[in-house]
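Using the numbering used here, the first residue of the sequence shown is number 41, and each one after it goes up by one.
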Amino acid sequence: MKLWVDGGLQDAATARVSVLDHGLTVGDGIFETVKATAGRTFALTRHLERLARSARGLGLPEPDLDEVRRACAAVLDANPMKLGRLRITYTGGLSPLGSERGDTGPTLIVALGEASRRPDSTAVITVPWTRNERGALTGLKTTSYAENVVALARAREQGASEALFANTVGQLCEGTGSNVFVVLDGRLLTPPVSSGCLAGITRALAVEWTGAEETDLPLDVLERADEVFLTSTLRDVQAVHRIDGRQLPGAPGPVTAKAMRVFDERAASDLNP
Ligand SMILES: Cc1ncc(COP(=O)(O)O)c(C=O)c1O
């Protein structure tokens with residue numbers, strides 16, 4: 041396995057960054073996960089735009105997107121696989137201990153891991169911890185993801201694959217690595233970005249392709265919704281068949297099944313929508 045670090049390809053087993061990298065010491069970094077099918081990326085332009093947006097939000101130097109593209113192509117070329125998770129990580133780089141960033145410049149890593157196609161439906165839980173819709177990092181895809189690690193571990197303990205958060209005012213927000221849609225009285229709804237969720241790329245495409253409406257929703261909508269689905273880069277559109285103790289028999293329901301079909305068709309017809 042080869043990955044890209046410090047401007048070139050290296051063996052994954054021996055590739056190194058400094059133990060004083062600010063991404064490691066304080067989580068000062070950003071990332072993207074891009075789906076790669078048979079070496080071909082999906083929605084790469086949108087991912088690179090979000091990478092640049094996250095960098096600006098964190099005050100990191102503007103990433104050289106031509107270099108990032110070259111790195112992605114080189115890593116994909118060096119590691120052929122059917123379905124891959126292409127991971128771009130960009131950090132504050134070598135820094136003094138503490139929260140102040142050093143001035144040696146950022147670290148760019150591009151790595152690839154094998155992925156498998158997700159099941160068509162899954163179980164989720166809700167967690168008591170909140171997303172902060174007013175934080176300095178809200179809406180940025182940063183490497184400060186330990187809250188997601190804790191929540192996802194809780195989900196795994198309960199036989200679920202995702203944990204859903206409300207925000208600080210009790211509105212439905214998002215999962216640890218996914219956005220959420222609900223069907224209520226025949227309408228397809230999803231929380232707006234102002235809820236504090238990440239502006240998911242799959243979410244944006246699903247809204248565009250299905251006409252879903254963005255609206256604030258209380259967390260307990262999950263107790264009433266006729267259908268629920270998740271969106272993310274590696275889940276695409278995935279139905280939910282259980283939320284905490286509530287079963288949703290027949291998932292994927294008709295609205296979800298249609299969203300899954302439309303997403304598959306549109307994504308297959310344009311790899312860079
Ligand atoms: C917190 C969070 N929300 C939502 C998503 C879904 O975003 P995307 O569809 O761009 O993968 C992700 C990304 O994996 C995420 O980390």
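Every residue gets a Cβ at the ideal spot worked out from N, C-alpha and C, and that includes glycine.
This structure is a prediction, so every number in the text was calculated from the model and none was measured.
Please classify residue i: is it buried, with 16 or more other beta-carbons within 10 angstroms of its beta-carbon, or exposed?
| i | result |
| --- | --- |
| Lys-75 | buried |
| Thr-131 | buried |
| Lys-181 | buried |
| Glu-202 | buried |
| Asn-219 | buried |
| Ala-193 | exposed |
| Ser-11 | Past the edges of the chain, shown from 41 to 313, lies residue 11, and the structure says nothing about it. |
| Ala-186 | exposed |
| Gly-48 | exposed |
| Gly-236 | buried |
| Leu-311 | exposed |
| Thr-54 | exposed |
| Asp-61 | buried |
| Ser-139 | exposed |
| Gly-99 | exposed |
| Leu-84 | buried |
| Gly-285 | exposed |
| Thr-208 | exposed |
| Val-190 | exposed |
| Ser-94 | buried |
| Leu-43 | buried |
| Asp-304 | exposed |
| Asp-143 | exposed |
| Leu-148 | buried |
The alpha helix (DSSP H) spanning residue i covers which residue range?
| i | result |
| --- | --- |
| Gly-290 | Here Gly-290 belongs to no alpha helix (DSSP H), and DSSP marks it neither H nor E. |
| Arg-109 | 105-118 |
May I ask which residues mark the beginning and end of the beta strand (DSSP E) holding residue i?
| i | result |
| --- | --- |
| Ser-272 | 267-272 |
| Ala-279 | 276-283 |
| Thr-147 | 147-154 |
| Leu-43 | 42-45 |
Less than 8 angstroms between the CB atoms is what I'm expecting for residue i and residue j, so what's the real figure, rounded?
| i | j | result |
| --- | --- | --- |
| Leu-123 | Ala-155 | 5 angstroms |
| Ala-92 | Pro-103 | 6 angstroms |
| Arg-125 | Leu-274 | 6 angstroms |
| Leu-137 | Thr-65 | 6 angstroms |
Note down, one range per segment and in chain order, each beta strand (DSSP E) of at least 3 residues found wholly within the region 168-241. 202-207, 212-215, 219-224 and 227-230
Quick check for students: name the residue ranges of the beta strand (DSSP E) that lie wholly in the region 52-88, counting only runs of 3 or more. 69-77
Does the pairing of the region 159-168 with the region 115-131 give three or more beta-carbon distances under 8 angstroms? no
Quick check for students: name the residue ranges of the beta strand (DSSP E) that lie wholly in the region 121-145, counting only runs of 3 or more. 123-131
Decide yes or no for the touch test of the region 61-78 against the region 264-271: beta carbon pairs closer than 8 angstroms, at least 3 of them. no
Check whether the region 101-111 touches the region 219-230, counting contact only when three or more Cβ pairs, one atom from each stretch, lie closer than 8 angstroms. no
Give a yes or no on contact between the region 249-261 and the region 287-303, applying the rule of three or more CB pairs nearer than 8 angstroms. yes
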